[in-house]
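Beneath this line is the structure, given in structure tokens, with notes to follow.
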Amino acid sequence: MKNNTMARNTFLALVLTLVILNTTSPAWAQTPKDSVLIIRDKWGIPHIVAGNEQALFYGAGYAAAEDRLLQMVLARYSIQGRLAEVFGSTYLARDKKMRAVGYYRHASGSLPYLTESTRQILQAYADGANSYMTQHPQHLADLFQKYGGQPEKWTAADGVACFLRIAERFDGGWTGEVDALRKFEVLERSVGREQAIAETEMQRMRVDDASAIVTKEEYERYSQNLKQPAGKAALQKRGESGGSEWSPPTMSHNWCVSGSKSTTGLPILESDPQITVESPATWYEFHLQGGKFNVRGIGVPGTPAMLIGYNQNLAWGVTALGSDNADLFQEQLKEGSSSEYKVRDTWEQMEERTEVIKVKNSNAVLYTIRSTRHGSVVNDFVSGALANEIFSLQYTVTAEPATDVEGLLDMMAATDWPSFTKGMEKYRSPGLHMIYADRFDNIGYYTLARLPIRAHNAGIPFRGWTGEEEWKGYIPFGVMPRMLNPAAGFISTANNCPVGSWYPYFIGGGIGDNGRSWRLKELLGIDKKFSPDDFFIIHRDAVNPVARDFVFFSLIAVGEEKPVDRDVLAAAAILTGWDFQMHTSFAGYALVSAIPTVINRSLRGTPLENKYLGATAGLVQLFKDLEAHYDSTGQLLHDASIRAWLISQLGECYRQSGIKNTGARPFTLIHPMKYQNNLEGYGSLAAEHDLSSPPLSCGVVETIWSQLGNSYSQLVNLASVDSSFTLIPPGNSELPDSKHFSDQMSLWAEGKMHGAPLSFDAVQKIAESRQVLTTTSITIIDGRSEFQSMYALNENYPNPFNPSTTIRFQLPKSSMTSLKIFNALGQAIATLVEGQREAGLHQVQWNAMDIASGVYFYRLQAGGFVDTKKMILLH
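Residue numbers for the sequence shown follow our numbering, so the first one is 15 and each next one is one higher.
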């Protein structure tokens, strides 16, 4: 009985030790200044706390690798042009493109031009990621072994390169310029070059002025509109210096209201970047607290920068602009030469470099890249080029030795609009609609993009040999479309038109409104004060006004014109009584969800084509006209062409939706997520880890809810930042055995978010685990932060195991060390290490051949450091 009591007391002591290790942490002021505290909340979001910025970003790199190491490594392979090395020849063409454009060369070459602070942050982040890799070689080891061996050391350049992967996704407009040239040449032969350029420019630059985010009035009022706390210096005015149909990019939408339209008296901001929900998520959510930073938000795994986020003073959100920041230049070759090209009256020699591209299960490929003064020759990646033509790429991203990461870091640490704009000024690509709100009751907007001033805006390759069509600098940041505290009291964007035709520069992007931008204006433009709860209602709004108006006016046309087409009548019967919500619960969901796609370009070939803009922007114009007439007369406009179009398209929607064959019935919407599909579209890298969503309610892209693209949501209440909310489905971890791999799917399906506080005390209340990375010092060597070794006990590998497992631990200095194994009763059953051990990484193996299956604990004691971890033996 006495022995049982002793065993029970020992077990309770061990349990208490485990509870203390996992649920308490010392007051931050009492921890060493170079320590890093990582608190993970109940949603798996890492909150990294440190006494200085090198330690802070070391912790950020460590946490990111812990959550997303495989995704980070794959992203680096992608931007380096090394995917063929991992996946074989299927990716050889992509690798060649990445090498030719030179993303990774640019990332590496930009480092010397960055500020010392930025370089230190990038290096500290890399050091943290490398520390995790060293301590956890078992991280998804089976997949690393299957596809590409163990991950290589992370570098500061990798932190720059991973963000460039986002730019690469959105900056591909140049690949269609040669095809545009072929069409242009037909017009040029009939009217001459000058007139052809004028006509093409006129078509490309047509916009719906009524839809513009920034009006001329708000643009001109910008400098006078800053609200400031007492003692703040006035914002200085920045000085100046020297449509075709539009397919909207993803990464939308966002909106904010000022204190005058908020029940809280201060702004509320929401950002919902729409990219297909993947597993793991495209974005990575984290929180940094240390030095000048107390900020949380999302970035891409592998880089310390946040694209969207908030701190104690302000919040920001972005949507994709869809601007054109790269151009092809057509080069004239010297007769008989394949490497000399004309520059005005002289001939210059192209530069050449040869790169080796390794190919899995095949021979390496030698790829020669030629370049002119404009950039790399990219004939391999454009369609429509003739045999004797050469096209080189001039790209704002690679034209200057800089990185967006630097500007984003400044935005993350900003305290007000003036300091935030200093960060925005350093930003280049991809082009963004940036919205902003702060606790001083300012809301603002900026079109963020580094855009060249061009000789013309016809959208075709420029003639590189004349010297007359070179870029003439860049549109100055200080004159980009922007506004501050607009009279409307709200700002909303959804890939729509940034600025009206009065603006002197060509920005690109949307040419008008789309269903989402129109709907946001409808919801926010009413005479009402909005609460955070109202923002949740808007978040779940499933009305597409284009489909709504199409159905409303089509039914009127059918009732008045009496068509006999059976498909039209069948569609009308299904749609009569529809509440305009794009919910799967509606029996005719298959029909209504098809409407936006079917009618998108249906004005072509009709008498309405020349009156309205192309695609959705033109449909919005049309329906606004019909609404205005109906509101004033109570009738559908008596225009035969409009009525005929409404009726014919109603039948077409019925036929193309497939509902004709299935009948009206409830629709189950399940979204499959292939493991590690990522932006590159790998497919599933491990089918056993693929996920499927719960049944979703709204899969229509053109709605605000648009669940298939709800890749992240952020709702920030500037009156009480700790009362903010976020969502990152399916979860924040890539590890299939982690509870945070898919724990946000139910919130996503229900249109909810989870609490996302910022203050240390509020984070403590939702803490699930705490981890202290204790370092002896951080030294600065040649501008790099280097973490000395730390005390650490790593996860055993494999786990579960049978019959043996390896345990690794790390010592910063020579220490008396004890490593013991305990059973579930707290009894020590094995001593693996006992005595003095030198500094460094150690590993020992425990063979449990004669031990029963069950849960066991291993505990490391060294130099005052104590840590205990759990392992499972399965015979």
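Backbone N, C-alpha and C define an ideal beta-carbon position, used for all residues, glycine too.
Sheet register partners of residue i (DSSP bridge)
i: TYR298; result: GLY313
i: ASP55; result: ALA781
i: ASN325; result: VAL309
i: SER4; result: Not covered by the structure: residue 4. The range shown for the chain is 15 to 889.
i: VAL373; result: According to DSSP, which records beta bridges pairwise, VAL373 is partnered with nothing at all.
i: LYS356; result: TRP361
i: VAL50; result: ALA64, LEU787
i: GLN663; result: According to DSSP, which records beta bridges pairwise, GLN663 is partnered with nothing at all.
i: GLY506; result: According to the sequence provided, residue 506 is Ser. The question's Gly does not apply to it. Partner(s): TRP269.
i: ASP452; result: LEU328
i: PHE879; result: ALA876
i: GLY868; result: LEU887
i: ARG220; result: ARG220 pairs with nothing; no bridge assigned.
i: VAL847; result: LEU833
i: ALA806; result: GLN824
i: ILE909; result: Any answer about residue 909 is impossible in this case: the structure gives the chain only from 15 up to 889.
Beta-carbon gap between residue i and residue j smaller than 9 angstroms
i: GLN690; j: GLU748; result: yes
i: SER103; j: VAL314; result: no
i: ALA78; j: ALA143; result: yes
i: TYR459; j: ILE227; result: yes
i: ASN614; j: LEU636; result: no
i: ILE62; j: HIS388; result: no
i: LEU195; j: GLY398; result: yes
i: ALA706; j: GLY713; result: One detail in the question is off: residue 706 reads as Ser in this sequence, not Ala. No. Outside cutoff.
i: ALA175; j: TYR105; result: no
i: ASN692; j: LEU88; result: yes
i: TYR139; j: PRO294; result: no
i: SER274; j: GLY503; result: yes
i: ASP418; j: LEU328; result: no
i: MET497; j: LEU462; result: no
i: HIS2; j: LEU710; result: Absent from the structure is residue 2, since the part of the chain shown begins at 15 and ends at 889.
i: ALA770; j: ARG310; result: yes
i: PHE600; j: PHE566; result: no
i: TYR696; j: ALA155; result: no
i: SER737; j: PRO546; result: yes
i: PRO151; j: GLN134; result: no
i: ASN731; j: THR278; result: yes
i: LYS543; j: SER276; result: yes
i: SER829; j: ALA853; result: yes
i: GLU292; j: ILE742; result: no
Integer Cβ distance of residue i from residue j, believed to fall under 8 angstroms
i: ARG530; j: ILE718; result: 6 angstroms
i: ASN839; j: ALA876; result: It should be noted that the sequence gives Leu, not Asn, for residue 839. With 8 angstroms as the limit, LEU839 and ALA876 do not qualify as a contact, their Cβ atoms being about 24 angstroms apart.
i: MET596; j: VAL612; result: Not quite, the Cβ-Cβ distance comes to about 14 angstroms (not below 8 angstroms), so this is no contact.
i: ILE282; j: PHE549; result: 6 angstroms
i: ARG179; j: ILE93; result: 5 angstroms
i: LEU342; j: TRP188; result: 6 angstroms
i: ASP109; j: GLY95; result: 4 angstroms
i: SER225; j: GLY526; result: 4 angstroms
i: ILE588; j: TYR519; result: ILE588 to TYR519, Cβ: 47 angstroms. No contact.
i: VAL786; j: LEU51; result: 6 angstroms
i: GLY73; j: ALA64; result: 6 angstroms
i: TRP532; j: VAL357; result: With 8 angstroms as the limit, TRP532 and VAL357 do not qualify as a contact, their Cβ atoms being about 48 angstroms apart.
i: GLY316; j: MET426; result: Not a contact, Cβ separation roughly 16 angstroms.
Given 8 angstroms, three or more beta-carbon pairs between the region 301-308 and the region 556-573: no
Cβ pair count under 8 angstroms reaching 3, the region 382-392 against the region 404-423: yes
Any 3 or more C-beta pairs closer than 8 angstroms across the region 572-592 and the region 664-673: yes
Cβ pair count under 8 angstroms reaching 3, the region 672-681 against the region 638-651: no
Stretch-stretch touch, CB-based, cutoff 8 angstroms, three pairs: the region 736-747 with the region 636-644: no
Residue ranges of each beta strand (DSSP E) within the region 700-758, 3 or longer: 727-731, 739-741
Cβ contact (3+ pairs, closer than 8 angstroms) linking the region 330-338 and the region 435-446: yes
Stretch pair the region 720-733 + the region 617-628: three plus CB contacts closer than 8 angstroms: no
Within the region 395-442, ranges of the alpha helix (DSSP H) (whole runs, at least 4 residues): 410-413, 418-427, 431-438
Complete runs of the beta strand (DSSP E) confined to the region 87-149 [at least 3 residues]: none
Ranges of the alpha helix (DSSP H) found wholly within the region 508-539, counting only runs of at least 4: 529-538
Touch test, the region 421-438 against the region 370-386, Cβ-Cβ under 8 angstroms, three pairs minimum: no
Uninterrupted alpha helix (DSSP H) stretches inside the region 586-662 (no shorter than 4 residues): 603-606, 609-613, 629-647
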